[in-house]
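Protein sequence lines, in the order shown, are assigned to chains S, Z, R and U. Each step along the first sequence adds one to the number in this note's numbering, with nothing skipped, and position 124 is 124. Each step along the second sequence adds one to the number in this note's numbering, with nothing skipped, and position 10 is 10. Each step along the third sequence adds one to the number in this note's numbering, with nothing skipped, and position 96 is 96. Each step along the fourth sequence adds one to the number in this note's numbering, with nothing skipped, and position 191 is 191.
4 protein chains.
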Amino acid sequence: MPKLGMEPIRRAALIDATIAEIGHAGSLDVTVSRIAKRAGVSSGLAHHYFGGKDDILLAAMRHVLRVYSEEVRSHLAQATTPGERLRAVVRASFAPSNFQPHTVSAWVNFYLLALSSDQAARLLRVYRGRLRSNLLHDMRPTLGDSAPAAAERIAALIDGLYLRHGLSDAPDGDAATALVLTALDHELKVQP
Amino acid sequence: MPKLGMEPIRRAALIDATIAEIGHAGSLDVTVSRIAKRAGVSSGLAHHYFGGKDDILLAAMRHVLRVYSEEVRSHLAQATTPGERLRAVVRASFAPSNFQPHTVSAWVNFYLLALSSDQAARLLRVYRGRLRSNLLHDMRPTLGDSAPAAAERIAALIDGLYLRHGLSDAPDGDAATALVLTALDHELKVQP
Amino acid sequence: MPKLGMEPIRRAALIDATIAEIGHAGSLDVTVSRIAKRAGVSSGLAHHYFGGKDDILLAAMRHVLRVYSEEVRSHLAQATTPGERLRAVVRASFAPSNFQPHTVSAWVNFYLLALSSDQAARLLRVYRGRLRSNLLHDMRPTLGDSAPAAAERIAALIDGLYLRHGLSDAPDGDAATALVLTALDHELKVQP
Amino acid sequence: MPKLGMEPIRRAALIDATIAEIGHAGSLDVTVSRIAKRAGVSSGLAHHYFGGKDDILLAAMRHVLRVYSEEVRSHLAQATTPGERLRAVVRASFAPSNFQPHTVSAWVNFYLLALSSDQAARLLRVYRGRLRSNLLHDMRPTLGDSAPAAAERIAALIDGLYLRHGLSDAPDGDAATALVLTALDHELKVQP
DNA sequence: AATGAATGAGGATTCATTCAT
DNA sequence: GATGAATGAATCCTCATTCAT
Numbered sequence: 001m002p003k004l005g006m007e008p009i010r011r012a013a014l015i016d017a018t019i020a021e022i023g024h025a026g027s028l029d030v031t032v033s034r035i036a037k038r039a040g041v042s043s044g045l046a047h048h049y050f051g052g053k054d055d056i057l058l059a060a061m062r063h064v065l066r067v068y069s070e071e072v073r074s075h076l077a078q079a080t081t082p083g084e085r086l087r088a089v090v091r092a093s094f095a096p097s098n099f100q101p102h103t104v105s106a107w108v109n110f111y112l113l114a115l116s117s118d119q120a121a122r123l124l125r126v127y128r129g130r131l132r133s134n135l136l137h138d139m140r141p142t143l144g145d146s147a148p149a150a151a152e153r154i155a156a157l158i159d160g161l162y163l164r165h166g167l168s169d170a171p172d173g174d175a176a177t178a179l180v181l182t183a184l185d186h187e188l189k190v191q192p
Numbered sequence: 001m002p003k004l005g006m007e008p009i010r011r012a013a014l015i016d017a018t019i020a021e022i023g024h025a026g027s028l029d030v031t032v033s034r035i036a037k038r039a040g041v042s043s044g045l046a047h048h049y050f051g052g053k054d055d056i057l058l059a060a061m062r063h064v065l066r067v068y069s070e071e072v073r074s075h076l077a078q079a080t081t082p083g084e085r086l087r088a089v090v091r092a093s094f095a096p097s098n099f100q101p102h103t104v105s106a107w108v109n110f111y112l113l114a115l116s117s118d119q120a121a122r123l124l125r126v127y128r129g130r131l132r133s134n135l136l137h138d139m140r141p142t143l144g145d146s147a148p149a150a151a152e153r154i155a156a157l158i159d160g161l162y163l164r165h166g167l168s169d170a171p172d173g174d175a176a177t178a179l180v181l182t183a184l185d186h187e188l189k190v191q192p
Numbered sequence: 001m002p003k004l005g006m007e008p009i010r011r012a013a014l015i016d017a018t019i020a021e022i023g024h025a026g027s028l029d030v031t032v033s034r035i036a037k038r039a040g041v042s043s044g045l046a047h048h049y050f051g052g053k054d055d056i057l058l059a060a061m062r063h064v065l066r067v068y069s070e071e072v073r074s075h076l077a078q079a080t081t082p083g084e085r086l087r088a089v090v091r092a093s094f095a096p097s098n099f100q101p102h103t104v105s106a107w108v109n110f111y112l113l114a115l116s117s118d119q120a121a122r123l124l125r126v127y128r129g130r131l132r133s134n135l136l137h138d139m140r141p142t143l144g145d146s147a148p149a150a151a152e153r154i155a156a157l158i159d160g161l162y163l164r165h166g167l168s169d170a171p172d173g174d175a176a177t178a179l180v181l182t183a184l185d186h187e188l189k190v191q192p
Numbered sequence: 001m002p003k004l005g006m007e008p009i010r011r012a013a014l015i016d017a018t019i020a021e022i023g024h025a026g027s028l029d030v031t032v033s034r035i036a037k038r039a040g041v042s043s044g045l046a047h048h049y050f051g052g053k054d055d056i057l058l059a060a061m062r063h064v065l066r067v068y069s070e071e072v073r074s075h076l077a078q079a080t081t082p083g084e085r086l087r088a089v090v091r092a093s094f095a096p097s098n099f100q101p102h103t104v105s106a107w108v109n110f111y112l113l114a115l116s117s118d119q120a121a122r123l124l125r126v127y128r129g130r131l132r133s134n135l136l137h138d139m140r141p142t143l144g145d146s147a148p149a150a151a152e153r154i155a156a157l158i159d160g161l162y163l164r165h166g167l168s169d170a171p172d173g174d175a176a177t178a179l180v181l182t183a184l185d186h187e188l189k190v191q192p
């Protein structure tokens, strides 16, 4: 029973299903059929809307990135000083909307996907660029030339915590946040 | 051209080929045939020696872990003070034997494999436990109760750098080492 | 050329093809591809509808059994006295619908399959139980306590004739029927 | 450690192992490797002695037939009258040496093999011919022209009991013998 | 819009067979 | 005589993708 205006609903359902399936499988070895079934549609429809499996995956990656960006933006909106802004970025990174097992699993898998997919690599570069520029922008005033290295450390620490904590059964966003905030303190206090 | 005592040679060749293929593909979507071909044998032989694809993958993971362990051990052998030991562990982590694109790619893929394979999860746990205990052992004297969190940060930073730098075309082990050593300084100097 | 409601048609075609292939090969060493090709579909479709080779085989066995059962039922419908009923069961066993080379070959192969497949064993048990109870029910009035042994003999004779005559190029159902009817006479006349 | 005069020992061991494996698997889907392993030799040796898998199978079939023949011969040696001879043949058919689960399973499988192997068909024909002529020879004096049909019935009954009883976990040769002897009585008493 | 039918390529795995030693 | 190394063909099965309806 085809209906009008179903497209955005179907796309969203399929993207959610994709992330859920990846989270469930722990890998990108996910079949279009399973994704479609979880979304409550036929596999044919998934192709109809997205074109192919790769496009579904990319769309899901884009979605994860968008949610993350929005989280960062909304956190940043309430920050005023550089220090607050930095902490906002960190907190956003481990906010519940991102730091759920399924999402993290999908996210890490997309990280790897970037090794074999140009489009995924491009998306990943955008994420990295944004995180880096966010950190850098607010570290430069305090740290000057040592800001890039410090930003790199914080960024890597965040990614590392995704890898280490995000993949566990019950990731603790607050604990992860605390770890990074402490590292941030170190970076900002211990100036060269 | 059957010869005697080929088993260890074949196994080593197949494991190397596995890592190379994973590195090349950037994922675990690697066929046994390709691995075998790269190792210069038939796919049947790969099964003969390992039993199945999963076993090949696990054997490769075990190999990566073993190489890493040996690198750490050999670095630790030349260290005396706790600080030297900590730096040794860090340096070992980014030593050329581990920090090659292929190896890092394989390593990160194994990290993910642990999400869907119990055996891989077990191996990963061993790695994590060892790294953690190495760091902890030499941080405790200086940091006391805040050692665990500090160790966690350093470990996550290392993993994050694997993810961020190791997957690039030409990973720079020295740069990564420098980043962690600085973080280590922060941790050790800025005591609570 | 996808159409709707093809499932029952495909299933039937695949089951027929399975029996024909088994008959042709004389063994269960039949590939799914050949079955599918004979049925005019791809091998993928065979899996799609049945799940796997074993399921195809079992479905074919079930089909053979069902055809047999229906033959017996339709023969029994026209019988009134115990003697007529017994003869009806015998005649049904060698009716053309069952006693065709392909079918008999498949049947005997299924007999053996029961040695290695629990599900096949279960199906076989049903067949045996039914044949036995049919014979027993109509022998008991005449033979009393010696009915079970007599029924066993008739049942074994039927199976033996399947083995001996059914596997020949041109099985003669009438001859086989005559042999069993004579044995039946012996059983019923020569009472203890 | 090659030794001299091992051939007959190896051949016998391999044939025994073949029958055991077929009995165990319940089908001819038995690998040469398993047969060889059970016989305590390498798979290469099995080929060396027999040429190929088919030859191993046929050798095993021949062996089963030979054992059966010898059993019949030895039973016949002690019989004098036609009736005794007939009973001797029946008893031989269910003697422990033939009527063991493994052997019966192999035997029935060989029966089927005859459908796809000319050589197996030839061997089977020999068995049938011998059984038939044994029965016929001693029935003709009593039954005259109806001897062939009677012999056919007894032979089919024997085969049917192989199929029905021989494949069960604990075949009861005595029970099977009793069933056939009773049928034999019927045949001989109830003359036309 | 949506489905289910259908395909076919690709991959893991098994195994008979061969051969150097 | 005997082994184990090695191959490659064969087979089951999965799955992305296409298409008529």
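Yeah, the Cβ is synthetic: ideal placement off N, Cα and C, and Gly gets one too.
For proline 96/Z, the three-state secondary structure derived from DSSP is coil. Between the segment 13 to 22 of chain S and the segment 36 to 46 of chain S, the count of Cβ pairs shorter than 8 Å is three or higher; the stretches touch. Pairing glycine 26/R with leucine 124/U gives a Cβ-Cβ distance that is not under 9 Å.
The beta carbon of threonine 182/Z sits closer than 9 Å to some beta carbon of chain S.
Short of 6 Å from the beta carbon of alanine 13/S, and not among the five residues preceding or following it, lie these beta carbons of its own chain, in chain order: Ala39.
In the structure shown, threonine 81/R adopts coil according to DSSP, grouped into three states. Annotated as distal: glutamate 84/S and methionine 139/S, with beta-carbon spacing of 9 Å or more. Under the 9 Å criterion on CB atoms, arginine 34/R is classed as non-interfacial with respect to chain U.
Around the beta carbon of glycine 160/Z, 16 or more other beta carbons lie within 10 angstroms, which makes this residue buried.
Exclusion of the five residues before and after phenylalanine 94/Z leaves Gly173, Ala176, Thr177 as the residues of its chain whose Cβ lies within less than 7 Å of its Cβ. In the structure shown, methionine 139/Z falls within a helical segment according to DSSP collapsed to helix, strand and coil. According to the DSSP assignment, leucine 184/S belongs to the alpha helix (DSSP H) that extends over 173 to 189.
Given a length threshold of 4 residues, each whole run of the alpha helix (DSSP H) inside the segment 116 to 164 of chain Z is given here in chain order: 118 to 143, 147 to 161.
Measuring C-alpha to C-alpha distances from isoleucine 9/S to each of Ile22/S, Leu28/S, Val32/S, Tyr49/S identifies Tyr49/S as the nearest.
In the structure shown, threonine 31/S falls within a coil segment according to DSSP collapsed to helix, strand and coil. The beta carbon of histidine 102/S sits closer than 6 Å to those of Ile19, Ala20, Gly23, all from its chain and outside the five residues before and after it, given in chain order. Looking at Arg164/S, Ile158/S, Val89/S, Ser105/S, the one whose alpha-carbon comes closest to that of histidine 137/S is Val89/S. The CB of alanine 25/U comes closer than 9 Å to the CB of Leu115, Ser116 in chain R, given here in chain order.
Listed in chain order, the non-local C-beta contacts of tyrosine 162/Z below 7 Å within the same chain comprise Val104, Trp107, Val108, local neighbours out to five positions each way being set aside. Not one beta carbon of chain R lies nearer than 9 Å to the beta carbon of leucine 143/U.
For leucine 167/U, there is no enclosing alpha helix (DSSP H), as DSSP gives it neither H nor E. Non-local C-beta neighbours of alanine 121/S in its own chain, meaning closer than 6 Å and more than five positions away in sequence, comprise Ala114, ordered along the chain.
Identification of residues in the segment 53 to 67 of chain S having a C-beta nearer than 7 Å to some C-beta of chain Z yields an empty set. The beta carbon of histidine 102/Z sits no closer than 9 Å to any beta carbon of chain S. Beyond the five residues adjoining it in sequence on each side, glutamine 119/R comes within less than 7 Å, by CB distance, of Leu58 in the same chain, given in chain order. Histidine 48/R does not reach chain U, its nearest Cβ partner there being about 25 Å away, counting only Cβ pairs nearer than 7 Å.
Between the alpha carbons of valine 180/U and serine 146/R lies a gap of roughly 14 Å.
Short of 7 Å from the beta carbon of alanine 60/S, and not among the five residues preceding or following it, lie these beta carbons of its own chain, in chain order: Ile15, Thr18, Ile19, Ala106.
Under the three-state reduction of DSSP output, serine 69/S falls in the helix class.
Within chain Z, the C-beta atoms nearer than 7 Å to that of leucine 161/S come from Ala156, in chain order.
Just so you know, the alpha carbons of proline 96/R and alanine 170/R end up roughly 11 Å apart.
For histidine 165/R, a Cβ of chain U is located within less than 9 Å of the residue's own Cβ. Residues of chain Z whose Cβ lies closer than 9 Å to the Cβ of glutamate 21/S do not exist, since the nearest Cβ in that chain is about 12 Å away. The C-alpha of serine 69/S lies about 42 Å from the C-alpha of arginine 73/Z. For arginine 62/Z, the closest of Gly5/Z, Val126/Z, Val30/Z, Ser42/Z by C-alpha to C-alpha distance is Val126/Z.
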